[in-house]
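Accompanying notes for the structure given below.
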Amino acid sequence: MARVTLDTLRKEFDRGTIVAVDDIDLEIEDGEFVTVVGPSGCGKTTTLRMVAGLEEPTSGAVRFDDEDVTDMHAKERPVAMVFQNYALYPHKTVLGNMEFGLKMSTDMTAEERRERVTEMAEMMGIADLLDDKPDELSGGQKQRVALGRAIAREPEVFLFDEPLSNLDAKLRTEMRAEIQKLQKEFGVTAMYVTHDQEEAMTMGDRLAILNDGELQQVGKPTEVYENPVNEFVAGFIGSPSMNFIDVEVETDGSSATIRSDDAGLAFELSDEYVTGHELKNAPYTLGIRPENIRIVEHPTGDETLASTVEVVEPIGSDNYVHLTVNEDFLARSTPDVLPEAGDEVGVVFEEADIHLFDAETGEDVFLTEEEIAAAVA
Amino acid sequence: MARVTLDTLRKEFDRGTIVAVDDIDLEIEDGEFVTVVGPSGCGKTTTLRMVAGLEEPTSGAVRFDDEDVTDMHAKERPVAMVFQNYALYPHKTVLGNMEFGLKMSTDMTAEERRERVTEMAEMMGIADLLDDKPDELSGGQKQRVALGRAIAREPEVFLFDEPLSNLDAKLRTEMRAEIQKLQKEFGVTAMYVTHDQEEAMTMGDRLAILNDGELQQVGKPTEVYENPVNEFVAGFIGSPSMNFIDVEVETDGSSATIRSDDAGLAFELSDEYVTGHELKNAPYTLGIRPENIRIVEHPTGDETLASTVEVVEPIGSDNYVHLTVNEDFLARSTPDVLPEAGDEVGVVFEEADIHLFDAETGEDVFLTEEEIAAAVA
Amino acid sequence: MSALQSALALISAKLIAFVTAPKRFVVSLRRTVYDLRTGRRTPWDVSKSVLMTLFGLAMVLLLLFPLFWIFTASLAEGTRLFNTSGIFPDPSTYNLGAYRWVVFESDFFFVDGDWGYPQLVLGGGSGLVSFRWVGTETGPGALFNSLYLVSVTIVAGFAMIVPAAYAFSRRSFVGRKRILYGYVLFTQIGAGLSIATLVALYSLFSSYGLTNNLFILGLFYAAGAIPFNTWLLKTYMDNIPISYEEAAMVDGASFLDTIREIIIPLTKPGLAVVLIFVWLAGWNEFIIAQTLLSPENYPLSVELYNLATEGRFSTPWTRFAAFANLFALPVAIVYFAAQRSVEDGLSFGGMEG
Amino acid sequence: MARLRAAVPFSNRDWGLLLVIPGVILFSSFMLYPIVYLFYISLTDATFAGSVIGGGADLIGLDNYVQLLSDSQFWTSMTTTWLFVAVSLVIKVFLAVGIALLLNHARVFGKRYMRAAVIVPLGFPGIFTITVWRGMFSDARFGVFNTILGRYNGVMSSLSAPEILLFDVPIGFLSGRWEAFFAYVTTEVWLAYPFMVIIIVSALQDVPRELHEAAMVDGAGFLERFRTVTLPAIRRPVLFASILTGATAFQQFLIPWVFNQGGPARQNELIIVYGYREAISFNEFGLSAAILIVAIAVIGLFMYAAVRYGGLAEGVGDE
Amino acid sequence: ISTGGDGGDGSDGSDESDGSDGSDGSGGSDESDDSDDSAGVDDPGTATLWTDLSDGEDEAMSTYVDQFESETGHTINKEEPGGELDQQLETAIPSGEGPDSWVWAHDWVGRFAVREDPPFLYDASDDIDSLDAFTETAQQAVQYDGAVHGLPFASETVALFYNEDMVDEPPETLDDMVSVMDEYHNPENGEYGLSYPVTDPYFVSGFIQAYGGDIFDEENLEVTLDSDECKQGMDALETLFDYVPADPGYESQIVAFADGAAPFAINGPWEIANLSGEIDNLGVTTLPTVDGNNPRSYSGIQTFYFSAMLSDADQSTIDATTGLAEWYTTNEDIVETNAAEQGYIPVLTSVVEDGDLSSDVQAFAQQVDHGVPIPTHPDMNDVWDPLTNALTNVFNGDEESDAALDSAAETIRENQ
Ligand SMILES: Nc1ncnc2c1ncn2[C@@H]1O[C@H](COP(=O)(O)OP(=O)(O)OP(=O)(O)O)[C@@H](O)[C@H]1O
Ligand SMILES: Nc1ncnc2c1ncn2[C@@H]1O[C@H](COP(=O)(O)OP(=O)(O)OP(=O)(O)O)[C@@H](O)[C@H]1O
Ligand SMILES: [Mg+2]
Ligand SMILES: [Mg+2]
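Here it is, written out as structure tokens:
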């Protein structure tokens, strides 16, 4: 119900020695669901807290629609937040927890509040729990109550700080669907912080990736997955993560070969790739996702490269084949491909699937300037 | 270094009202790595604690090699345990933590202990931390110290109680490898409790599945994945988990049809299946794994069944396609299969991939008696 | 011994921190000025902090006023508490006479302030080595009685309280609930009991010939301190995860090892609080001590009380105040230094369930 | 084997009891026995301490209790004592919560030192501090409080403030019933606040910051946050500290005794003072014992109620 | 405390009578007669003496005890139990751990003499033969029901102190005094007319009894506090109420005089030492007359008590105890020195009649003459509290003086 704009938002701690959030620009459309991911300590929580008004930005602004709310106190912002550990008021019943926001920010009578909360609770399947205290609830129920509390106020912006990280896998999947459903139903703008790959990929309309306080890329999950703008994003998104090989490019302008002597790799790029991008004779990092690697159990010598199987982890639906190409080189294959450890195998990948990152800047050289520019808009 | 045998091990709590562990028989070979999984409260921790000597069995015995250790006090058993919350002594330094076991159970001098611990710490990459207190460490470092502490004593049996559940995904993968490496290196017998699918599948030489205190199946991960003995195991192992459809079997002895009117399913079994197993005209549950389902975007009517797409979750490497066959019916497809929500699609699966469970006992009717018997040996 | 050392180390660390506080104050003052100048903080923001701090300071001063007042009284001349011309005695008359009196004339350290020093005697007394006081004709004074008394109380108290608290927190046994319930009931009955049961106590003690016995009196104080402190320590121990002990057990530690290496160190703040409370139980009580003991065994608390009632109708105030200040000084310092431990140890947050 | 063990009432599981027993014995012999003895005295016609110790007292049944219940002084004393407990408790709670909040506030610089300073009074012996307070409350114009009030009057009247804001010095803090009562209460509050402050501060520090933030996001202002987050979090510890200090206040002896022996004219005799005076001044030892037994019974009931309904012993139960 | 055991190890109790059991009843009495020339006795005994004296008094007492010990060979354990001496005795004597003797004013004689089960006092009439040496009042004070329970050595009462710098001439009558007080009394400026702990019956008894009424009529064992005479006396006392600092507590009162903020104080000889240090020109005189009547203030007779511990003690202990008492109370040197240094008012007839006493002591002695000893009858014990309450009420203006005395008298009678 509100467009949220972060305008060169910055937060420093300890008199500037720690830059938790480094001039972030981000626009979240009305009703959009944006997930924010990044490694621990990258500033996700801090960003969220600035939007909620719990932390004062060092510089920059937060706008809801066109109103600048940077100096507005948390209690006046039309936001609701779901905390990692739920932060339910331990002495209040579920009803009390859920109606608290209404009590504080509306003029509803107790009657009306109760009605609204009951309705909400029924929707979320926790109507039976209204008179229980939080410590009588299971993790999933607590999570639902926290959600219900946040929704009950009908906020314009929804903030989530790793709300599912304390739940077990099964419950997590369930709650994920629930949150998405609710968000769509109410059409609330949402910002969702997580460090869980899968959540990040599946839940958001768009995905924002932070590292070291800086925004790396923003985009649709599949876009980000397919076209990571830099090595960091490429390595961070996707599980198991992308394999990287240090390579040299040899080019004479019309043809180019990617070469890694350690890995025994010599990959000739097609003209299309050579002409479309500016390649230099320089070190690069080649990236290839595990699922884009095909294992040839009986190598004929035509494969992209040859390698030895280190270990095979069958996870049922797939097999993870660890190869000796370099440390942590992993191919994901179907369960029927089951080489033994020590086997010599062939490794094949397609030109279309490879990523090439500048060894210095880490940027993907196959992307155009515009694509890169668009990635953080 | 020791074979661990659990002999009809049983543990009751609260004067028999709670049977936490229900007559479990399990043999873990010398140097073997067995993972124990099961839903919360199924008795995993209790079993482990009985092996460690922290809980006294109600009946049954625990043997290390051929020695009955059931009445032996924990401090005398040659076991080391890694706790879920690490249980690092908060008042001792990392060094103090790691040498504690040596101090208690050997006659080594402080000098020797320090040497041994330093060596250990170097191996685990925590040599710099030896003088820090636990609360100065990050989660991963704590985990390493806990591991180091356990290893330093050179135990014969290693026990892990969900040691990685407090770590984030990335770290979890790393530590997983580390634990496996160490266990192999030292050749210690290990019992590893987890409720994480992936850990269970990838880490163990064998996998033991518990439910309600009872041992359901023991076997190699892939075996268990492919041939779950019953509906519980089938549903529990695998992520996303197996889809189940309530079906009726119509058979006349020579041919058999699996039919579900709700799902619009009518699946004719081939002779091979009909003759090999005893099928009755009765309700069964059909199981099919998400990755064994093929989505036909433009159905021709020849598919196993027709359905509507509910939602599509792209997770990068794959797409999860939710179908309306019944609640939570999920197909996993490659990223290029990308139907829209609401599309009518065809669903195909192979006879070889389906599982048929007795509606009452839950047992897989396609398995032979011997296979079932072997599963819990 | 090591406990004593670490306690001393703690106290000295605190005192150093306290002494260096002004420096830190100046640093933060400078920072504030800098922040103000560069506009990092608004004047309103700073003045809010200053006002709150001043308010806090005023509150503290107000609360400590009685102690300050009596401290000035201890520096005054003469013996009177009041003077008709104002609240505080004339500062020009301040002197340390009263303290001199306490040290060199009262029975505080040595009887009649006749100082001596201990000398080891080989082969004397019952053991191989004993010691006696040399250089004093009258012998050691009330301080030594107090210390002896408090040592007995602390040793006996800890011997009873710590194991019991552990058992209550970690073990289940017959009657556990009942006894604990009883202890909680009795936590507060002890306080006023001493006066109520004074005579009963006296006849009890005297019928066993136990009057005028510092050791027995020390035990008595320990007994009084048991319910509350056992309960306190039990509550504290409840908040220590049991997995530490299990880890130690798996590490091969015996029960005693576990207690020594794990339980005791982890319970330190709780033990510190219990130590202070048990100490105070023996240190401050005077009514029973006075009834049961003969003058040569009087501890400081009784001497203090006697000083208060020394005059036929009035108290020699300057001496009384000086005596009391010296008497309470160690405890006050310990309190001041152990503030963090006391706060931790008295945390009943774990009761929240 | 296991079954056998379960059948024996005292199994080796119960060795924890051995750790508890010594304390119980020591406590009972020094604390319970005297109470029983006191009860015995209350059934005799003992007149002075010597007649108890020397054995010159005869059993007279419950006469002392009958006499007690018909003594108007007993009821005055009981009422005054409860009033004293209640009033001082209310003030203690407000004061201690206030101090704790202030000395835990982010904006207060050096709050650690202030907190350390504020609990120092706990270390001073009661007889000393109470005697000092007695001095401060002197009725005389040159008593500390009267002097302060006099100066305040001076300042106020120089500002030509209305009469109503002035005090009628000297106030007879110890000579009027309610003035003396007020003096008792003030002193009791001063004696008890440090303990409460520590406990409340510990509780405040355990309040998760998220709760405050959740309330903020929910739109709650300072007061509402205090009401919904802070207050519930410190409710239990405050209750706990209240029960403990309340029970101590009920047994307060030194304050009234040192101030004016429960005066003026026996109007403020708290229950223990009453019992003590019956024994000491009136040589009614049996009666005195009866009074004290009643006092112990009352405080016992109070503690029982606290344990029972205040959940004081929560966590006592088996896990 | 001058002779403690060797502190520190408090494990062994105090050893009581360890004198060898020699010939008892060997007439220690004749020896005590001429103690000055006997250097030691054949059978030295050990006795315990409890005191509760102020610093200066205590020092003097210790010196004399030492002197006695060296002269006779007896051992005296002089102890200072502190706190309330009577409370200490209440518990110590019944349990057999009390002292053989103690020093206190005579007003406990009756209270303790009537104790039977167990007894508290020892009748020393057979061991003492010097009783006649004391003034009549003093002799009466130490006896109860014909038994001699102690020996007196000084009397004390309250008299009028005045600051000679403020008062030209000591007032003879109450009216004189009032007019001087009027001159100075101005509490707003911190000046007062009088320092006088006016709610303490001991201090005010003189005025209440000035018209001849007795607070307690010892002959008829009756409380006559509500007699007309007492009420008249009370009225006189009430006029003084207006001139004292508002806090009737002893310390608040005395400070006004000590600081030079009041011209008069009514107090006892024990303050002479302190006050003469604080007031340059200190004068003492008898209490002013009221309507021509001399206030009949209660006087206390300082007494060596003989405790019931002596009943079961060795003769040598009895000898040591009574010996010390007789020696101390009948030695003219001691009595005169004490009079000069401690302000003790002699009760030894020989000194009273022709002693050479200082003017201060003379004034107190005169006041003692006008006064009456505190009644020793145990019923007197019930008088103090109600009377204190009555005085407090009147002083605070909560009650009329007549009504206060009436109700006090009634309370006392009820309690008896
Ligand atoms: N109050 C604070 N004072 C000082 N530094 C802080 C504060 N809060 C956060 N930081 C620092 O700011 C950086 C960003 O922290 P933030 O909590 O936003 O990370 P995060 O991305 O949420 O991490 P996580 O995934 O672990 O929750 C970290 O380096 C952290 O140490
Ligand atoms: N000390 C105990 N007293 C009573 N019941 C207990 C006790 N310990 C465990 N139980 C019960 O025994 C059952 C098994 O518990 P256990 O802790 O072994 O489960 P788990 O498989 O480790 O579960 P989780 O995955 O949650 O750790 C549970 O129902 C539990 O409630
Ligand atoms: Mg965070
Ligand atoms: Mg578990």
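Top to bottom, those sequences are chains G, W, A, H and B. Going by the working numbering, the first sequence opens with residue 435, and the numbers climb by one from there. Going by the working numbering, the second sequence opens with residue 435, and the numbers climb by one from there. Going by the working numbering, the third sequence opens with residue 28, and the numbers climb by one from there. Going by the working numbering, the fourth sequence opens with residue 180, and the numbers climb by one from there. Going by the working numbering, the fifth sequence opens with residue 11, and the numbers climb by one from there. C-beta atoms are modelled at their ideal positions from N, C-alpha and C, and glycine is treated no differently. Being a predicted model, the structure only gives us computed values, none of them experimental.
Per DSSP, what are the beta-bridge partners of residue i in this structure?
i	result
G:G721	G:F678, G:H789
W:R640	W:V468
W:V513	W:V591
W:T742	W:E778
Tell me whether residue i is buried or exposed, calling it buried when 16 or more other Cβ atoms sit within 10 Å of its Cβ.
i	result
A:Q32	exposed
H:F401	exposed
B:N196	exposed
G:A668	buried
A:E273	buried
B:S105	buried
B:L231	exposed
G:V438	buried
Which value, in whole angstroms, describes the spacing of the CA atoms of residue i and residue j?
i	j	result
W:Q614	W:S572	21 Å
H:W261	H:P373	22 Å
B:D44	A:T120	Low local confidence applies: a pLDDT of 41 at B:D44 is under 50, so the model's placement there is unreliable, and no value is given.
G:E702	G:A740	16 Å
W:L536	W:E510	13 Å
A:R203	H:V203	11 Å
H:V245	B:D392	22 Å
H:I478	B:Q242	48 Å
A:F92	H:F206	38 Å
B:F217	B:L170	12 Å
Could one say the Cβ of residue i lies closer than 7 Å to chain H's Cβ atoms, at least one of them?
i	result
G:M837	Given a span of 435 to 811 for chain G in the structure shown, any question on residue 837 of chain G remains unanswerable.
Since residue i and residue j should fall inside the 8 Å C-beta cutoff, what is the C-beta to C-beta distance between them, to a whole number of angstroms?
i	j	result
H:I472	B:Q97	Actually they do not touch by this definition, with Cβ atoms about 21 Å apart.
B:V404	B:F163	Not a contact, Cβ separation roughly 36 Å.
W:A765	W:V745	The pair is not a contact, with the Cβ atoms about 12 Å apart (cut-off 8 Å).
A:V130	A:T165	Between A:T165 and A:V130 the Cβ distance is about 15 Å, and since that is not below 8 Å, they are no contact.
Flag residue i as yes if its beta-carbon sits less than 7 Å from any beta-carbon of chain A, otherwise no.
i	result
H:P387	no
B:Y260	yes
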